[in-house]
Amino acid sequence: MTTPAPVRPEDRLVSLDLARGLAVLGILAVNAAAFSMPFEAYMAPEMGPFPMEGASAQAWWAVATFFEQKFVTLFSMLFGVSIFLVGGERRDVEKSPVLRRRLFWLLAIGILHGAVIWYGDILTLYALMGFLMLLMRSWKPRGLLILGVVLVLLNMVLESAQASVALAPPEQLDQIRAQMGLPTQEAILAAIERNREGFQASLMQNLQNWGMLAAIQLIGYGAKTLGLMMIGLALFKLGFLKGRAPAWVYVLFVAIGAGALYVIGTETAKILAIDFAFPQAYVHKLANVWLAPLATLGYVSVLMLALKLGLKGLLFPLTAAGRMAFTNYLTQSLIMTAIFYGGRGLELYGQLDRPEVLQIVAGVWLAQLIWSPLWLSVFSMGPLEWIWRCLSYGRMVPITKAGAARVAAA
7 MTTPAPVRPE DRLVSLDLAR GLAVLGILAV NAAAFSMPFE AYMAPEMGPF PMEGASAQAW
67 WAVATFFEQK FVTLFSMLFG VSIFLVGGER RDVEKSPVLR RRLFWLLAIG ILHGAVIWYG
127 DILTLYALMG FLMLLMRSWK PRGLLILGVV LVLLNMVLES AQASVALAPP EQLDQIRAQM
187 GLPTQEAILA AIERNREGFQ ASLMQNLQNW GMLAAIQLIG YGAKTLGLMM IGLALFKLGF
247 LKGRAPAWVY VLFVAIGAGA LYVIGTETAK ILAIDFAFPQ AYVHKLANVW LAPLATLGYV
307 SVLMLALKLG LKGLLFPLTA AGRMAFTNYL TQSLIMTAIF YGGRGLELYG QLDRPEVLQI
367 VAGVWLAQLI WSPLWLSVFS MGPLEWIWRC LSYGRMVPIT KAGAARVAAA
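So the sequence shown is numbered by my numbering: it starts at 7 and just counts up by one.
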């Protein structure tokens, strides 16, 4: 029997860290609108504090086309892989307790993150679905794929049901809007003012949003998230996420993903063309609902082809960002709330339009692509990864490269 320990840096799979780096950076572009404006404006962009025209419209189109749903999909797939890598097979009596502690502490950190820092936390949902995923981690790829795809398709069908409002008689649309709880611009402006009143007001607003969103995530997206975790683990076991599939497979998925992005972009442009008209906009949103996973696989395939072409060294900053994905994800929340939330820093909540917010996103990307390799030049893992692993393994694990080397040699 051996004592379970974190994987050594030299034994990590570059393909997974590279994909994780892309996911953690890409997800910020989507989350940025929810950091900088009320959740209602995130869900109904046309109701936001700035006119949806010119550069603002172009910025919204770019995020909706190239980022929305693509990177949370990738994040979910990769989390399914991590369940297996940390916990091993279900019969592994040494690794299984580590996995359970890892998920427990992720749940605790996610609750703290969502309630106190930023309501858009995804870690709580991942921990809860992870406790189900650990029961399936030893399944064969075929079983994982079948059930995973079924769960995702069922969720897509439920999401698509919203488009049925397009069939409603025009005289009933106002009543339907009210029943769906769609916001007014006045309510959004009032939420902006509340969030800028000070630390206590912004904290209470965040707590209220988190309670609402956490329930929506669990009920509306729990099954889909679990399904994506299963699909991700299946693709890992089949070699796709290891970069071991034939090159033609990745080229095929790049082509499919490009086609999916073209359709999504076209449909998203139609939403702008009709000025987000209710309920027709819901019909055009269906392209993103159904085709985002294909775009995700296209993005992953580009990375796998880059590795096959020997570009590992050039991509190291992105790989390093992926090795520190937990730190970088939580750091994004700290930076963005310090910039936007009342009583935490600059208090720019609701004051910057989408192009300006995306400039901040680009700055955070650059910072994380610089500090991740610098940190990992001395340390074997990110600072928050180290805390999480110490809690998971129930003991202090070395964080410096020298300390990790001494443990490995012992």
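Just so it is clear, CB atoms sit at the ideal spot from N, CA and C, and this is done for glycine as well. If you're wondering where the values come from, they're calculated on a predicted model, not measured in any experiment.
- Under DSSP, no beta-bridge partner is assigned to Phe-259.
- Residue range 20–42 is occupied by the alpha helix (DSSP H) that includes Ala-40.
- Ile-198 and Phe-81 have their C-alpha atoms spaced approximately 30 angstroms apart.
- In this structure, Glu-95 is the residue among Asp-127, Glu-95 and Leu-112 with its C-alpha nearest to the C-alpha of Leu-140.
- Shortest Cα-Cα distance from Glu-74 to any of Pro-404, Pro-323, Arg-148 and Ile-33 involves Ile-33.
- Counting every other CB atom within 10 Å of its CB across the protein chains shown gives Trp-145 a total of 16 or more, marking it as buried.
- Gly-217 and Val-257 have their C-alpha atoms spaced approximately 43 angstroms apart.
- In terms of Cβ geometry, Met-135 and Gly-228 form a close pair [threshold 9 angstroms].
- Under a 10 Å Cβ-count criterion, Met-236 is classified as buried, with 16 or more other Cβ atoms of the shown protein chains found around its own Cβ.
- Where Pro-103 is concerned, the enclosing alpha helix (DSSP H) starts and stops at 101–118.
- DSSP links Thr-406 through a beta bridge to Phe-385.
- In the structure shown, the three-state DSSP call for Trp-124 is coil.
- Ranking Gln-181, Leu-278 and Leu-159 by CA distance to the CA of Glu-59 puts Leu-278 first.
- Distance from Leu-129 to Gly-116 at the Cβ level is roughly 3 angstroms; contact confirmed, criterion being Cβ atoms closer than 8 angstroms.
- Excluding residues up to 5 positions away in sequence, Trp-67 lie with their Cβ nearer than 8 angstroms to the Cβ of Ala-275 in the same chain.
- Within the same chain, Cβ atoms closer than 7 angstroms to the Cβ of Arg-107 are found at Leu-397, Ser-398 and Gly-400, the five residues on either side in sequence being excluded.
- Considered as a whole, the stretch 320–395 harbours 322–329, 331–346 and 360–382 as its complete alpha helix (DSSP H) runs of no fewer than 4 residues, in chain order.
- In the DSSP assignment, Ser-88 falls within the alpha helix (DSSP H) that extends over 76–93.
- Taking the CA atoms as reference points, Leu-219 sits about 15 angstroms from Leu-209.
- Taking every protein chain shown into account, the CB of Asp-17 has fewer than 16 other CB atoms within 10 angstroms, so this residue is exposed.
- Comparing alpha carbon positions, the residue from Trp-296, Phe-137 and Glu-273 closest to Gln-286 is Glu-273.
- Under the DSSP assignment, Gln-211 falls in the alpha helix (DSSP H) whose first and last residues are 205–243.
- For Leu-151, the number of other beta carbons within 10 angstroms of its own is at least 16, and it is reported as buried.
- Judged by DSSP secondary structure, Gly-149 falls within the alpha helix (DSSP H) whose first and last residues are 147–166.
- Counting every other CB atom within 10 Å of its CB across the protein chains shown gives Arg-329 a total of 16 or more, marking it as buried.
- Ranked by Cα distance from Gly-249, the first of Gly-233, Gly-316 and Glu-192 is Gly-316.
- With 16 or more other Cβ atoms inside 10 Å of its own Cβ, Ser-307 counts as buried.
- Within the same chain, Arg-360, Pro-361 and Leu-364 come within 7 angstroms of Ala-65 by CB-CB distance, once the 5 residues on both sides are set aside.
- In this structure, the beta-carbon distance from Gly-319 to Arg-202 does not fall below 9 angstroms.
- Excluding five sequence positions before and after Phe-346, the CB atoms of its chain that fall closer than 6 angstroms to its own CB belong to Phe-41, Ser-42, Leu-354 and Tyr-355, given in chain order.
- Contact annotation: Pro-189 and Ala-47 have beta-carbon atoms nearer than 9 angstroms.
- In this structure, the CA atom of Ala-38 is about 19 angstroms from the CA atom of Ile-222.
- If you check the CB distance, Leu-303 and Phe-259 come in under 9 angstroms.
- Secondary structure remark: continuous alpha helix (DSSP H) runs of at least 4 residues inside the stretch 252–296, in chain order: 253–279.
- In the three-state scheme derived from DSSP, where H, G and I count as helix and E and B as strand, Gly-304 is classed as helix.
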